[in-house]
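Structure first, commentary second.
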Amino acid sequence: KNEVEQSPQNLTAQEGEFITINCSYSVGISALHWLQQHPGGGIVSLFMLSSGKKKHGRLIATINIQEKHSSLHITASHPRDSAVYICAARRTPGNQFYFGTGTSLTVIP
Amino acid sequence: ETGVTQSPTHLIKTRGQQVTLRCSSQSGHNTVSWYQQALGQGPQFIFQYYREEENGRGNFPPRFSGLQFPNYSSELNVNALELDDSALYLCASSQWDRITGELFFGEGSRLTVL
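Line by line, the protein sequences are chains C and W.
Going by this note's numbering, the first residue of the first sequence is number 263, and it counts up by one from there.
Going by this note's numbering, the first residue of the second sequence is number 299, and it counts up by one from there.
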């Protein structure tokens, strides 16, 4: 069993739809990161969370420490949101990072 | 653009050879971490350096080693290359604090082992 599990693995949405990607982890963490990876490999950090909720534009990330679960929401999705979204947990103690396998999102116009 | 630069961007090696990959961290960041990403997979954590010392390591054998320099740039060295080492190698820099800092990734070095 992986320390970090993401769902769904693949997601296709119509432009404008509300999207949710889920991440569950099984280790103690100091922070959880949501990352976006476009074709070609470049990774951009979207959020770093240790508690609560963060919002940036149409993106919202939440974390429930007790349930060891985080979600990434995209409101009013757009084709440019098409990418792979990855959650990564920084373990404590030890500082190792554990990554989910990613959610491949395609938004259709 | 993140300010994290990696070199080389692409390279081809043969089995048994050694490779050194380089990463310059974003200005002001004192922590560098390295990841291996095989095709179609999520990144796998190799190790992390903070103030020139390794302070976290994933499940990689000792032939994966690293360095961090006083200017916080870093190298990843892989000895005795194997075919399965073919992957995208990513580094990320952050400003370490008691909790953690946001990660800034480079574009990666794509290694092919023949």
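The beta-carbon is built from N, C-alpha and C at its ideal position, and this holds for glycine as well.
The C-beta separation of Y360/C from W296/C comes to about 14 Å, leaving the pair out of contact by the 8 Å criterion. Residue environment: D382/W is assigned as exposed (fewer than 16 neighbouring CB atoms within 10 Å of its CB, all protein chains considered). For Q358/C, the nearest CB of chain W lies under 8 Å from its own CB, placing it at the interface with that chain. Here the stretch 319 to 331 of chain C does not lie against the stretch 308 to 316 of chain W, with fewer than 3 beta-carbon pairs under 8 Å apart.
Residues of chain C with a Cβ closer than 7 Å to the Cβ of Q339/W are, in chain order, T363. A check of alpha carbon separations from I305/C across N264/C, S286/C and A345/C identifies A345/C as the nearest. For the stretch 306 to 338 of chain C, the set of positions with a beta-carbon nearer than 8 Å to some beta-carbon of chain W reads V306, S307, M310 and S312 in chain order. Under DSSP, G364/W forms a beta bridge with L374/W. Using a Cβ-Cβ cut-off of 8 Å, F402/W counts as an interface residue toward chain C, since at least one Cβ of chain C sits closer than that to its own.
Distances from the alpha-carbon of P341/W to those of L412/W, F403/W, T410/W and T318/W put F403/W closest.
Q339/W has its alpha-carbon roughly 13 Å from the corresponding atom of G302/C. In the three-state DSSP reduction, R342/C falls in the helix class (H, G or I). Out of E405/W, L412/W and R320/W, the CA that lies nearest to the CA of L379/W is found in L412/W. Per the DSSP secondary-structure output, Q268/C pairs in a beta bridge with C285/C.
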